[in-house]
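The numbering used here puts the first residue of the sequence shown at 15, with every later residue one more than the last.
Where is the CB? At the ideal position from N, CA and C, for every residue including glycine.
All of these numbers come straight from a predicted model, not from anything done at the bench.
The next block holds one structure in the form of structure tokens; read it before the comments.
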Amino acid sequence: MDNIRRGGIKLLTISWLLLILVLASVIGILYLEDNNNDSVIRSLRIKSRLTEVLSTIKDAETGQRGFLLDGGEEYLESYYESDNQSDSLLATLTVAVKENPLQKRKLILLRSIVKKKFKEMDETIKLTKNGNRETAIAIVRSDIGFQMMSEIEQT
Numbered sequence: 015m016d017n018i019r020r021g022g023i024k025l026l027t028i029s030w031l032l033l034i035l036v037l038a039s040v041i042g043i044l045y046l047e048d049n050n051n052d053s054v055i056r057s058l059r060i061k062s063r064l065t066e067v068l069s070t071i072k073d074a075e076t077g078q079r080g081f082l083l084d085g086g087e088e089y090l091e092s093y094y095e096s097d098n099q100s101d102s103l104l105a106t107l108t109v110a111v112k113e114n115p116l117q118k119r120k121l122i123l124l125r126s127i128v129k130k131k132f133k134e135m136d137e138t139i140k141l142t143k144n145g146n147r148e149t150a151i152a153i154v155r156s157d158i159g160f161q162m163m164s165e166i167e168q169t
């Protein structure tokens, strides 16, 4: 009888240990899955902000080119708004990637190219305002801006 009782206790103990092991495994898996979900959500938010940056720069180009072709100051409203918005988006991205060294380096590169792109657009606007529209259009035709946009899209 004692052997049967000891065998039953051993079986019960082993069953409890297996149950605890299974529960610990499930909790571990759920924890990892939750962390993965957070990473995916963070990555999607970053990608969305990057898409917004690109869209904002395209809006700025539209305003710049409208001004160069027409001379209407109303085109510059979207240009200046886009300039401010791109700064804000890049600042948001800086916070979002602070924990990821690779993304941080890429964002530094992107910020540099965006800054150059806005400098190029600023130059053409100033030239046009100062009566040098043909020089401004020659800069646009040189495809410098196109090359920068390609770099931005690839970054």
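Query, Result
"For isoleucine 127 and leucine 64, the rounded distance between their alpha carbons", "13 Å"
"CA-to-CA distance, lysine 112 to serine 29, given in whole angstroms", "46 Å"
"DSSP state of lysine 112 mapped onto helix, strand, coil", "coil"
"Coil, strand or helix - glutamate 66 by DSSP", "helix"
"Opening and closing residue of the alpha helix (DSSP H) in which serine 213 lies", "Residue numbering for the chain in the displayed model covers 15 to 169; residue 213 lies beyond these limits and cannot be assessed."
"8 Å CB neighbourhood of methionine 135 in its chain, flanking five on each side removed", "Ala74, Glu75, Gln78, Tyr93 and Gly159"
"Host alpha helix (DSSP H) of glutamate 148 (start-end)", "147-155"
"With 16 other Cβ atoms within 10 Å as the buried cut-off, status of aspartate 97", "buried"
"Buried or exposed by the 16-neighbour rule on C-beta atoms within 10 Å, applied to leucine 32", "exposed"
"Integer-rounded CB distance, given that isoleucine 151 should sit under 8 Å from phenylalanine 81", "Their Cβ separation, rounded to whole angstroms, is 11 Å, which puts phenylalanine 81 and isoleucine 151 out of contact at 8 Å."
"beta-carbon lysine 120 near the ligand SAM non-hydrogen atom, thresh 7 Å", "Judged by which ligands are present, the structure shown has none, so any question about the ligand SAM falls away."
"Isoleucine 34 burial status per 10 Å Cβ neighbour count (16 or more: buried)", "exposed"
"Expected contact under 8 Å - CB spacing of alanine 110 and arginine 59 to nearest Å", "7 Å"
"Buried or exposed (CB count within 10 angstroms, at least 16 for buried), lysine 129", "exposed"
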